[in-house]
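Numbering (this note's numbering), first residue to last: 2 to 123.
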């Protein structure tokens, strides 16, 4: 009986840690969005086409990419590892008859290549 209680306690502890990590990831993306975008683009390609193009380009680099659905559109978020903070993201949304992409970054190094890929995919 004691081992069963300990197992339940450990499961609750692990679940709490997982929830905290998830919230931290959300808040780091939210914090990025509080800043002025590094780059913003408008184009005629669909949200899905832009997201697929950017994701394919970014996948050539050694980062983790998360595709996060937005209320209207998609957010692609870059991390060094699954549990590290968001270093950069692009929010791709439909606006009328066109698509916008807003790129936000806190990359420690020059990230010109990343936002140029967004521009090329628009």
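Just so it is clear, CB atoms sit at the ideal spot from N, CA and C, and this is done for glycine as well.
Computed from a prediction, not measured in an experiment: that's the story for all the values here.
- Would DSSP call residue 81 helix, strand or coil? Looking up residue 81 in the chain shown gives position 80. Residue 81 falls in the coil class under three-state DSSP.
- With burial defined as no fewer than 16 other Cβ atoms inside 10 Å of the residue's Cβ, what is the status of residue 36: buried or exposed? Residue numbering aside, residue 36 sits at position 35 when the chain shown is read from its first letter. With fewer than 16 other Cβ atoms within 10 Å, it is exposed.
- Task: Would you list the residues sitting across from residue 49 in a DSSP beta bridge?
- Result: Sequence index remark: in the chain shown, residue 49 carries index 48 (1-based). Beta-bridge pairing links residue 49 to no other residue.
- Message: Quick check: the Cα distance between residue 23 and residue 96, rounded to an integer number of angstroms?
- Response: On the chain shown, position 22 is the one that residue 23 refers to. On the chain shown, position 95 is the one that residue 96 refers to. Since pLDDT at residue 23 reaches only 39, below the 50 mark, its modelled position is unreliable, and the value read off the structure follows with that caveat. Computed Cα separation, rounded: 29 angstroms.
- Item | Extent of the continuous alpha helix (DSSP H) run through residue 119 | Residue numbering aside, residue 119 sits at position 118 when the chain shown is read from its first letter. 113–122 is the extent of the alpha helix (DSSP H) around residue 119.
- Between residue 108 and the rest of its own chain, which residues show a CB-CB distance below 6 angstroms, the 5 nearest in sequence each way excluded? Residue 108 sits at position 107 when you count from the first residue of the chain shown. So the qualifying residues of the chain are 88, 89.
- Item | Per DSSP, cross-strand counterpart(s) of residue 92 | For the purposes of this step, residue 92 is identified with residue 91 of the chain shown, where counting begins at 1. Answer is 76, 103, bridged to residue 92.
- According to DSSP, is residue 55 helix, strand or coil? Taking the first residue of the chain shown as position 1, residue 55 is located at position 54. Residue 55: helix per DSSP, three-state reduction.
- Message: Taking the beta carbon of residue 92 as the centre, do at least 16 other beta carbons fall within 10 Å, making it buried, or is it exposed?
- Response: Working through the chain shown from its first residue, we reach residue 92 at position 91. So residue 92 counts as buried.
- Message: Do residue 101 and residue 43 have their beta-carbon atoms positioned less than 8 angstroms apart in this structure?
- Response: The residue you call residue 43 lines up with position 42 of the chain shown. The residue you call residue 101 lines up with position 100 of the chain shown. Taking 8 angstroms as the Cβ cut-off, residue 43 and residue 101 qualify as a contacting pair.
- Message: If I follow the unbroken beta strand (DSSP E) through residue 70, where does it start and stop?
- Response: Against the chain shown, residue 70 aligns to sequence position 69. Annotation: the continuous beta strand (DSSP E) that includes residue 70 extends over 65–71.
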